[in-house]
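Chains as they are written, first to last, in my numbering: chain A, 1 to 225; chain B, 226 to 532; chain C, 533 to 780.
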């Protein structure tokens, strides 16, 4: 506790570093996964390729990825870009399937009705399918946000400062309060991101709060939580 | 309904983008700046390893230089040698606290050992163009074969060679690279005929976990850095190395040619004051008293009359 | 890429198949470690998940807790536990079990929740006891989603079990750390490839299992598309927007 009180400035600085590293991957992976997920749902061939590729990508351990990436894309080893790109890749790997499933969850009847009333494929996607799969996308994005915040810490091993630096430093010096502070703030930050997404979801999808009339083909009755 | 949503989407996006921009702006330093091409040539970029003790030394260099009127940019905690060595070589860093023997081996894997001065001379020759080392300090932070005092007493151990007297199985602990280093378990067997029963990786560079493993008797022999205050506080003993199995690892500033004579003078004064006991004491302030690097540096420099 | 060719050569190098650091040995260690971790995580998560799924109670708490667990950086937890219990396999087992619990827990309770309430009500109407409902209706019908949760837990544990080598002479992570520290990128990359191959092999096995666990007479729709780590099948079928844990 003494350590925490004496080092609030350090913790705050690392928290800011952490936020700067974790926000771009979350936003980027969503933007990239959207077209990929659409493609994965649209054609059988692209589905196999994209979803298998995404699964493979997620199986890559993060530590070697952080080291190999600079060699592959030519950035400096301790460039924060490595962390951002690596985490964007993981996020895409997660989100592609979510997007594909989310679009899948839109009722076929709804889709056909939209076409019947004159929506083009393009406008149907943006105005019908995307909003209706919103809840699924949001759920996926929340997982991405939480795991991204957690994975940023690994970057400390390659010299990219974040809350993970509190682990490496606390570990070397045997200061448990520092390690615990790192853990607690990381988890807290993840929960803040998560809450922010939930809030954004409420603002963007107000219809979803009242027992979802847009409920996709879910074979369950939603119990009140 | 969806038209409204689009308006809201725009709003939320705007808020999100605004937040990202604002955060990027106010975070400590530009995270995307790799520090390679600093515009003001007056600024000296000081780096440090991702090792608390190295950071203390770097902070001492930084404060001493600042006191001498130099502007410094602290880029501390940049990983292990494999991460920062290319950056020193490329000139992205101007001052870096290093250790003579380890740096020499990193630059030239076949470098022969020797005394502190011999290693220093060899290092001067091995450095790439544009880089030099200033005076070395007496302080060193080198590899050692360390055992608990109780273990040493049981078998009457004093130096590395005496490990042959041990009758129980010896398990070695240390970073995974220790297994293949020229002073590793294989050398112990070939040079001294010491039987090693097993190797356990503990990837904390002789830190608290390694020390705990020694104390818990999960390992008997570990590679701990000699300036580690844990050696004293946990009743450990670093075995003598009369044959020079380990290269001497004296603290030395590696500098680029941006470091002029007056800056070099300041750093040399620091090195002259930094003796072996001092380094252990500074490390102890960090580990035992949990003091921050900048406080430790200021206190010591003031006490020495260097600032 | 030269780098990748070197890594493949490293994997094929006969010298890497003998001694205490042989590839088959490390693979086996990695696999055993993963399986034991999954068994331990399952022993905690499945009963708990079934309880939550059956009673519908404690769901909010489970969601928050497993969300929190997910956010815990494994390296931080591992080192902290290691400082308490010392080096060896205990700390990695604890840290990785914590990692594996959230997806299995989510798989267990979403599996129950995804069952049509009418099916459960029908079972109750024909006179089944609560225990019978769990055993004969909910467990079999929830199995596809549970397997999905196990599958994503497996993938995560396989990839992250490399960290066990941080404090123990164990598994494929040894190659990663050794390669990293000695700048032997062929070894590091080769080790990573082995991890990926192992993950793929287990993925294949899970895909097969999932095909067989759908009870007869039930449409395979719910668990038909295999949930992997990247999976969101539970999401699309038991839509809980406030639940960050279901998407894996």
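We put the CB at the ideal spot given by N, CA and C, even for glycine. Computed from a predicted model, the values in this text were never measured in an experiment.
Strictly below 8 Å CB to CB, what residues from chain B border residue i?
i: residue 578 of chain C; result: Per Cβ cutoff of 8 Å: no residues; residue 578 of chain C is ~33 Å from chain B at best.
i: residue 172 of chain A; result: 276, 277, 429, 430, 432 and 433
Name the chain C residues that come within less than 7 Å of residue i, Cβ to Cβ?
i: residue 427 of chain B; result: 619 and 699
i: residue 190 of chain A; result: 603
Does the ligand FAD have a heavy atom nearer than 7 Å to the CB of residue i?
i: residue 515 of chain B; result: In the structure shown, the ligand FAD is absent, as is every other ligand, since no ligand is present at all.
Would residue i and residue j qualify as a contact pair, given that the criterion is a beta-carbon distance under 8 Å?
i: residue 433 of chain B; j: residue 359 of chain B; result: no
i: residue 426 of chain B; j: residue 644 of chain C; result: no
i: residue 431 of chain B; j: residue 447 of chain B; result: yes
i: residue 722 of chain C; j: residue 543 of chain C; result: yes
i: residue 140 of chain A; j: residue 166 of chain A; result: no
i: residue 170 of chain A; j: residue 179 of chain A; result: yes
i: residue 476 of chain B; j: residue 459 of chain B; result: no
i: residue 389 of chain B; j: residue 418 of chain B; result: yes
i: residue 193 of chain A; j: residue 156 of chain A; result: no
i: residue 344 of chain B; j: residue 298 of chain B; result: no
i: residue 473 of chain B; j: residue 340 of chain B; result: yes
i: residue 624 of chain C; j: residue 537 of chain C; result: no
i: residue 744 of chain C; j: residue 683 of chain C; result: no
i: residue 725 of chain C; j: residue 539 of chain C; result: yes
i: residue 370 of chain B; j: residue 310 of chain B; result: no
i: residue 88 of chain A; j: residue 149 of chain A; result: no
i: residue 83 of chain A; j: residue 39 of chain A; result: no
i: residue 639 of chain C; j: residue 600 of chain C; result: no
Hey, could you find the ends of the beta strand (DSSP E) residue i is sitting in?
i: residue 12 of chain A; result: Counting along the chain, residue 12 of chain A falls outside any beta strand (DSSP E), though it belongs to the alpha helix (DSSP H) covering 8–42.
i: residue 335 of chain B; result: Unbroken run through residue 335 of chain B: none, as it is neither H nor E.
i: residue 300 of chain B; result: 296–300
i: residue 272 of chain B; result: 268–272
i: residue 373 of chain B; result: 370–373
Could you pull out every residue in the same chain whose Cβ sits closer than 7 Å to the Cβ of residue i, ignoring the five residues on either side in sequence?
i: residue 454 of chain B; result: 505, 508, 509, 512 and 513
i: residue 690 of chain C; result: 566, 727, 730, 731 and 734
i: residue 288 of chain B; result: 522, 523, 526 and 532
i: residue 305 of chain B; result: 274 and 275
i: residue 482 of chain B; result: 355
i: residue 246 of chain B; result: Note that residue 246 of chain B scores a pLDDT of 49, beneath 50, so its modelled location is shaky; the value from the coordinates is reported in the next line. Result list for residue 246 of chain B: empty, nothing under 7 Å.
i: residue 403 of chain B; result: 409 and 448
Can you list, in chain order, the residues of its chain whose CB lies under 8 Å from that of residue i, leaving out five sequence neighbours each side?
i: residue 201 of chain A; result: 134, 135, 138 and 208
i: residue 184 of chain A; result: none
i: residue 259 of chain B; result: Residue placement at residue 259 of chain B is poorly supported in this model, since its pLDDT is 41, which falls under 50; the coordinates still yield a value, given next. Same-chain partners within the cutoff: 317.
i: residue 351 of chain B; result: 329, 332, 333 and 336
What does residue i touch in chain B if you count any residue whose Cβ is under 7 Å from its own?
i: residue 714 of chain C; result: 402 and 405
i: residue 709 of chain C; result: 401, 426 and 428
i: residue 169 of chain A; result: 277
i: residue 706 of chain C; result: 401 and 426
What are the start and end residues of the alpha helix (DSSP H) that includes residue i?
i: residue 455 of chain B; result: 455–458
i: residue 73 of chain A; result: 62–73
i: residue 448 of chain B; result: It is not in any alpha helix (DSSP H) - residue 448 of chain B instead sits in the beta strand (DSSP E) that spans 446–448.
i: residue 579 of chain C; result: 555–587
i: residue 411 of chain B; result: 410–417
i: residue 160 of chain A; result: No alpha helix (DSSP H) holds residue 160 of chain A; DSSP gives it neither H nor E.
i: residue 672 of chain C; result: 671–692
i: residue 481 of chain B; result: Here residue 481 of chain B belongs to no alpha helix (DSSP H); instead the beta strand (DSSP E) covers 476–481.
i: residue 635 of chain C; result: 622–645
Can you list, in chain order, the residues of its chain whose CB lies under 6 Å from that of residue i, leaving out five sequence neighbours each side?
i: residue 314 of chain B; result: 353
i: residue 17 of chain A; result: 161 and 162
i: residue 770 of chain C; result: Confidence at residue 770 of chain C is low in this model, with a pLDDT of 31, below 50, so its placement is unreliable and the value that follows should be read with caution. Taken in chain order, the residues that qualify are 642, 645 and 646.
i: residue 368 of chain B; result: 448 and 471
List the residues of chain A whose Cβ lies closer than 7 Å to the Cβ of residue i, in chain order.
i: residue 308 of chain B; result: 77, 78, 158 and 159
i: residue 735 of chain C; result: 55
Who are the neighbours of residue i on chain C, taking C-beta pairs under 9 Å?
i: residue 176 of chain A; result: 612, 615 and 616
i: residue 116 of chain A; result: Chain C residues near residue 116 of chain A: none, gap ~24 Å exceeds 9 Å.
Give me the chain A residues within the contact set of residue i, using Cβ-Cβ distance strictly less than 8 Å, ordered along the chain.
i: residue 304 of chain B; result: 77, 78, 157, 158 and 159
i: residue 691 of chain C; result: 58, 59, 60, 61 and 62
Give me the chain A residues within the contact set of residue i, using Cβ-Cβ distance strictly less than 9 Å, ordered along the chain.
i: residue 515 of chain B; result: 2, 3, 6, 7, 173, 175, 177 and 178
i: residue 724 of chain C; result: 60, 61, 63, 64, 65 and 68
Decide if the segment 497–508 of chain B is in contact with the segment 374–384 of chain B; the criterion is three or more beta carbon pairs, one per stretch, under 8 Å apart.
no
Taking 8 Å as the threshold, find out whether the segment 540–559 of chain C comes into contact with the segment 310–324 of chain B through three or more Cβ pairs.
no
Using 8 Å as the Cβ pair cut-off and three pairs as the minimum, do the segment 282–302 of chain B and the segment 325–344 of chain B touch?
no
Say whether the segment 108–127 of chain A touches the segment 53–72 of chain A, bearing in mind that this needs 3 or more beta-carbon pairs closer than 8 Å, one atom from each stretch.
no
Quick one: any contact between the segment 86–95 of chain A and the segment 28–36 of chain A, if contact means 3 or more CB pairs under 8 Å?
yes
Assess, as a yes-or-no matter, whether the segment 662–674 of chain C is touched by the segment 619–633 of chain C under the definition of 3 or more beta carbon pairs within less than 8 Å.
no
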